[in-house]
Amino acid sequence: MFQTARSILKRDPAAHSLLEVLLTYPGIRALFWYRIAHFMAFHRLYTIAGFLSQHAAKVTGISISPEAQIGKRVFIDHGIGVVIGATAVIEDDVTILHGVTLGARRAVER
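If you want it as structure tokens, here you go:
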């Protein structure tokens, strides 16, 4: 979490402090809840994972499936309308801007 916040502080000219990033950036809060939900989904606690994911979407405006694969130091800037689906794979050091949808265009066989 702090590694991501430090990365955002370096990449976003509007960021003034680490504390500001941690407390006011909805993208970092959405990723915090995603990481917990992802851990729960990995351990087959799907109901808890879904609850956490829905909570994060309501408070941040950013919807991230607990089954998505997201790397380190990802920056979701102006995250309103960002949707990251279960099939999305996002590598390290990626910046995502508002209104982006990532995931499959059609159902994928499991």
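The sequence shown begins at 2 in the working numbering and counts up one residue at a time. Here a beta-carbon is modelled for each residue, glycine too, at the ideal position from N, C-alpha and C. Keep in mind that this is a model prediction, so the values were computed, not measured.
Is the CB-CB distance between L53 and A38 below 8 angstroms?
As a working note, residue 53 is residue 52 in the sequence shown. As a working note, residue 38 is residue 37 in the sequence shown. Against a cut-off of 8 angstroms, the Cβ pair of A38 and L53 comes out as a contact.
Mind reading off the beta-carbon distance from R7 to L19? Whole number of angstroms is fine, and I expect it under 8 angstroms.
For the purposes of this step, residue 7 is taken as residue 6 along the sequence shown, with counting starting at 1. For the purposes of this step, residue 19 is taken as residue 18 along the sequence shown, with counting starting at 1. Their Cβ separation, rounded to whole angstroms, is 7 angstroms, which keeps R7 and L19 in contact under 8 angstroms.
Could you tell me the boundaries of the alpha helix (DSSP H) in which T6 lies?
Within the sequence shown, numbered from 1, the residue matching residue 6 stands at position 5. The question names Thr, but residue 6 in the sequence shown is Ala. Here the alpha helix (DSSP H) through A6 covers 3-12.
With a cut-off of 8 angstroms on the beta carbons, I'd call I77 and I63 a contact; round off their distance for me.
Indexing the sequence shown from 1 puts residue 77 at position 76. Indexing the sequence shown from 1 puts residue 63 at position 62. About 6 angstroms; that satisfies the 8 angstroms criterion.
Taking the alpha-carbon positions, what's the H79 to A105 distance?
Taking the first residue of the sequence shown as 1, we reach residue 79 at position 78. Taking the first residue of the sequence shown as 1, we reach residue 105 at position 104. Roughly 23 angstroms separates the two Cα atoms.
Beta-bridge pairing of Q70 - partner residues as DSSP gives them
If you number the sequence shown from 1, residue 70 lands on position 69. Its beta-bridge partners are V90.
Taking the alpha carbon of V84 as the point to measure from, which residue in K59, R74, R45 has its own alpha carbon closest?
Counted from its first residue, the sequence shown places residue 84 at position 83. For V84, the nearest C-alpha among the options comes from K59.
Inspect the beta-carbon positions of P27 and T61 and report whether they are closer than 8 angstroms.
As a position in the sequence shown, residue 27 is number 26, starting the count at 1. As a position in the sequence shown, residue 61 is number 60, starting the count at 1. Their beta carbons are under 8 angstroms apart, which means P27 touches T61 by this criterion.
When we look at the beta-carbon of Q32 and count the other beta-carbons within 10 Å, is it buried (16 or more) or exposed?
Walking along the sequence shown from the start, residue 32 turns up at place 31. A quick correction: the sequence has Leu, not Gln, at residue 32. Its Cβ being crowded by 16 or more others within 10 Å, L32 is buried.
Taking only three categories from DSSP, how would you classify V29?
To locate residue 29, count along the sequence shown from 1; it is residue 28. Note that residue 29 corresponds to Ile in the displayed sequence, not to Val. Helix.
Considering only the alpha carbon of each residue, which of T102, Y47, A87 lies closest to L69?
Within the sequence shown, numbered from 1, the residue matching residue 69 stands at position 68. The amino acid occupying residue 69 in the given sequence is Ala; Leu does not appear at that position. Minimum Cα distance to A69 is reached at A87.
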